[in-house]
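One structure is given below, encoded as structure tokens.
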Amino acid sequence: MSIASSLKSTGIAEVMVVLKPAKQETAAAATAPQKVARHFKTSPFSQDNALLEQLKATKSLKTPRIKSREPSALALGTASPPDSKVRFYPHLGIALGVVDRAGLAALRKEDSVAAVIEAPQLRLIKPVASAAAAPKNGYTWGLRALGVDVLHKQGYKGKGILIGHLDTGVDASHPALSGAVKKYAEFDALGNQLAKAKPRDSDEHGTHTAGTIAGRPVNGVSFGVAPEASLASAMVIEGGNVLARILGGMNWAVGQRVRVLSMSLGLIGTKDTFLFLTRILRARNVLPVFAIGNEGAGTSRYPGNYAEALSVGAMQEDGLIADFSGSQRFLRKADPLVPDVVGPGVDVVSCVPGGSYKEMSGSSMATPHIAGLAALLMQARPGKSIAEIEAAIFMSCSLKPGMLPSRANRGLPDGVKALSLL
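The sequence shown maps to residues 179 to 600 in our numbering.
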């Protein structure tokens with residue numbers, strides 16, 4: 179819902195305030211600048227207030243025990259009620275909160291404010307298919323298609339690279355992820371970071387994508403692109419105030435100094451709502467690798483469809499583009515066609531919670547392949563910028579027989595060629 183529509187219907191709107199770069203750099207670590215914070219308000223009509231009432235109705239602010247695996251506000255619980263009417267994310271230079279008409283007008287006049295934008299509610303890009311799998315010895319078809327097996331033989335396995343992974347969490351106890359999760363964070367229903375949280379997955383999606391990025395070989399099976407890389411993994415989706423949770427995860431990941439950020443989430447459409455965030459990530463030397471979506475030709479999801487994002491679509495083992503994979507043309511000079519590249523996204527074998535394995539299909543499965551490939555190149559050429567790494571990936575691409583440029587854009591990256599271009 180737009181800011182104007184929200185104000186008209188409820189009298190309030192949840193907004194993101196982007197500070198100007200100079201203010202982002204000098205802002206206090208814990209709180210928003212007072213000149214900005216004063217224009218926000220608490221409201222009984224806000225999502226946070228509704229969530230807090232729901233959680234209080236359980237007679238406990240601790241996470242209730244429920245049998246369902248479905249993510250929900252009750253399953254997430256909350257560590258504490260909000261202690262401020264505005265949340266501030268210092269590593270992003272973003273403030274999030276509720277305003278009325280007067281507060282919105284005042285924010286737009288503040289010298290330190292670059293923009294006031296509507297607060298979207300991003301959603302997980304769920305797999306289109308999922309089935310139990312018995313992994314086979316050797317490299318998966320996806321790793322071979324990208325030339326990852328060759329890069330591994332050359333000694334490039336992602337060592338020393340920290341990759342941000344925002345998803346449904348991660349089961350770090352899985353044998354394939356032993357030692358992979360260096361940092362973990364969990365955000366409750368209201369977006370508070372939980373103290374001393376232990377890695378867990380509220381679904382299966384997060385463990386599966388984490389395994390594709392950095393899964394360690396188990397019993398001769400290799401499906402992790404960067405098996406010596408480390409993960410900074412956060413549970414940010416789904417349930418509760420999803421935007422507050424995602425912003426919290428992004429802020430935390432940037433603070434951990436990740437080099438790559440892999441996110442398989444977004445909203446269908448073309449709004450520029452998250453454009454400032456992708457630009458901020460790049461300014462912080464983080465390569466944003468985002469899924470394009472699973473709604474097929476002529477569609478895409480943001481922030482994956484921004485020119486500033488490295489967007490990823492899905493291909494099949496036979497080299498054709500998966501029919502569900504998103505693609506779209508835009509009337510813009512920079513990056514008019516998305517996705518930027520395609521990656522292995524059909525029948526992708528990886529780990530899931532409980533020591534098991536599954537095949538999943540989706541652009542969510544293709545995205546961690548490309549994030550992991552970027553990590554291999556960063557290890558191999560540590561002095562290169564994220565723009566140079568991205569350019570090498572793009573220039574290494576080719577269209578396989580039967581791939582339409584309108585669906586695959588540049589095509590499938592070749593990891594060995596990308597390395598030679600750096």
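Yeah, the Cβ is synthetic: ideal placement off N, Cα and C, and Gly gets one too.
- request: Report the option in Leu372, Pro579 and Ile303 whose CA atom is closest to the CA atom of Asp345.
  value: If you number the sequence shown from 1, residue 345 lands on position 167. Nearest option by C-alpha distance: Ile303.
message: Bridge partners for Met179 per DSSP, in chain order?
response: Taking the first residue of the sequence shown as position 1, residue 179 is located at position 1. In the DSSP output, where bridge partners are listed per residue, Met179 has none listed.
task: Using 10 angstroms around the beta-carbon of Lys287, count the other beta-carbons present and answer buried if the total reaches 16, otherwise exposed.
output: Here residue 287 refers to the residue found at position 109 of the sequence shown. Looking at its Cβ environment, which holds fewer than 16 other Cβ atoms inside 10 Å, Lys287 is exposed.
- request: Please classify Glu231: is it buried, with 16 or more other beta-carbons within 10 angstroms of its beta-carbon, or exposed?
  value: In the sequence shown, residue 231 corresponds to position 53, counting from 1. With fewer than 16 Cβ atoms within 10 Å of its Cβ, Glu231 is classed as exposed.
- prompt: Between the C-alpha atoms of Lys314 and Ser400, what's the straight-line distance to the nearest angstrom?
  reply: To locate residue 314, count along the sequence shown from 1; it is residue 136. To locate residue 400, count along the sequence shown from 1; it is residue 222. Those two C-alpha atoms are separated by around 9 Å.
- prompt: alpha helix (DSSP H) containing Leu233: first to last residue?
  reply: Counting from 1 along the sequence shown, the entry for residue 233 is found at position 55. Where Leu233 is concerned, the enclosing alpha helix (DSSP H) stretches over Gln225 to Lys234.
- request: Measure the CB-CB distance between Ile341 and Ala392 and report whether it falls below 8 Å.
  value: Residue numbering aside, residue 341 sits at position 163 when the sequence shown is read from its first letter. Residue numbering aside, residue 392 sits at position 214 when the sequence shown is read from its first letter. Yes, they are a contact pair.
task: Within the same chain, show all residues whose beta-carbon is closer than 6 Å to that of Arg636, passing over the 5 residues directly before and after it, in chain order.
output: A query on residue 636 cannot be resolved here, the shown segment of the chain reaching from 179 to 600 and no further.
message: Does the structure place the stretch 318 to 333 close enough to the stretch 217 to 234 that three or more beta carbon pairs sit under 8 Å?
response: no
- prompt: Mapping DSSP to helix, strand and coil, what is Pro522?
  reply: Sequence index remark: in the sequence shown, residue 522 carries index 344 (1-based). It is a strand residue.
query: By Cβ distance, which residues of its chain are closer than 6 Å to Ala358, with the 5 residues on each side in sequence left out?
result: Residue 358 sits at position 180 when you count from the first residue of the sequence shown. Only Ala392 and Leu409 meet the Cβ criterion.
message: Let me confirm a value: Pro353 is counted as buried when at least 16 other C-beta atoms fall within 10 Å, else exposed. Which label applies?
response: Residue mapping note: residue 353 aligns to position 175 of the sequence shown, counting from 1. Looking at its Cβ environment, which holds fewer than 16 other Cβ atoms inside 10 Å, Pro353 is exposed.
task: Thinking Ala500 and Ser542 are a contact (beta carbons under 8 Å), I'd like their distance in whole angstroms, please.
output: Taking the sequence shown and counting its residues from 1, the one referred to as residue 500 is at position 322. Taking the sequence shown and counting its residues from 1, the one referred to as residue 542 is at position 364. Contact flag wrong, Cβ pair sits at about 12 Å.
field: Simplified DSSP state of Gln212, which is helix, strand or coil
entry: To locate residue 212, count along the sequence shown from 1; it is residue 34. Looking at Gln212 - three-state DSSP - the assignment turns out to be helix.
query: For Arg243, which residues of its own chain have a beta-carbon under 8 Å away from its beta-carbon, when the five flanking residues on both sides are left out?
result: Within the sequence shown, the letter at position 65 stands for residue 243. Summary for Arg243: the model assigns pLDDT 44, below 50, so the residue's position carries little reliability; its value from the coordinates is reported in the next sentence. Answer for Arg243: no residue qualifies.
query: Run through DSSP, which three-state label would Gln371 get?
result: Here the question's residue 371 lines up with position 193 in the sequence shown. Here Gln371 sits in strand by DSSP.
- request: Put Lys331 into one of helix, strand or coil per three-state DSSP.
  value: Your numbering for residue 331 matches position 153 in the sequence shown. DSSP places Lys331 in helix when its eight states are reduced to three.
Burial state of Ser262 (16 or more Cβ within 10 Å): Along the sequence shown, read from residue 1 onward, the residue named residue 262 stands at position 84. It counts as exposed.
task: Following the continuous alpha helix (DSSP H) through Phe454, name the residue where it begins and the one where it ends.
output: Counted from its first residue, the sequence shown places residue 454 at position 276. Per DSSP, Phe454 belongs to the alpha helix (DSSP H) from Leu453 to Ala461.
query: Roughly how many whole angstroms lie between the Cα atoms of Ala309 and Arg479?
result: As a working mapping, residue 309 is identified with position 131 in the sequence shown. As a working mapping, residue 479 is identified with position 301 in the sequence shown. Cα to Cα, Ala309 sits roughly 25 Å from Arg479.
query: Around the C-beta of Gln212, are 16 or more other C-beta atoms found within 10 angstroms, so that it is buried, or is it exposed?
result: Walking along the sequence shown from the start, residue 212 turns up at place 34. It counts as exposed.
Coil, strand or helix - Ala309 by DSSP: Mapped onto the sequence shown, residue 309 falls at position 131. Ala309: strand per DSSP, three-state reduction.
- request: Give me whichever residues DSSP pairs with Cys529 in a beta bridge.
  value: Start at 1 with the first residue of the sequence shown, and residue 529 comes out as number 351. Note: Cys529 sits in a beta bridge opposite Tyr535.
- prompt: How long is the line joining the alpha carbons of Gly189 and Thr387, rounded to whole angstroms?
  reply: For the purposes of this step, residue 189 is identified with residue 11 of the sequence shown, where counting begins at 1. For the purposes of this step, residue 387 is identified with residue 209 of the sequence shown, where counting begins at 1. When rounded, the distance between both Cα atoms is 40 Å.
field: Residue from Gln494, Val467 and Gly471 with nearest C-alpha to Glu486
entry: To locate residue 486, count along the sequence shown from 1; it is residue 308. Ranking Gln494, Val467 and Gly471 by Cα distance to Glu486 puts Val467 first.
task: Check each candidate in Glu566, Ala565, Leu555 and Ser584 and name the one with the smallest Cα separation from Gln332.
output: Numbered from its first residue, the sequence shown carries residue 332 at position 154. Looking at the Cα atoms, Leu555 is the closest of the given residues.
Alpha-carbon to alpha-carbon, Phe452 and Ala367: Taking the sequence shown and counting its residues from 1, one reaches residue 367 at position 189. Taking the sequence shown and counting its residues from 1, one reaches residue 452 at position 274. The alpha-carbon atoms of Ala367 and Phe452 are separated by roughly 21 Å.
field: Pairwise C-alpha distance: Asp289 and Leu197
entry: If you number the sequence shown from 1, residue 197 lands on position 19. If you number the sequence shown from 1, residue 289 lands on position 111. About 9 Å.
- prompt: In this structure, does DSSP put Glu566 in helix, strand or coil?
  reply: Counting from one through the sequence shown, the residue named residue 566 turns up at place 388. Reduced to three states, the DSSP call for Glu566 is helix.
message: Please report the distance separating the alpha-carbon of Ala469 from that of Ala475.
response: The count along the sequence shown starts at 1 and reaches residue 469 at position 291. The count along the sequence shown starts at 1 and reaches residue 475 at position 297. Each residue's Cα considered, the two are about 14 Å apart.
message: Would you say Val464 lies against chain D (beta-carbon separation less than 8 Å)?
response: Absent from the structure: chain D. Only one protein chain is present.
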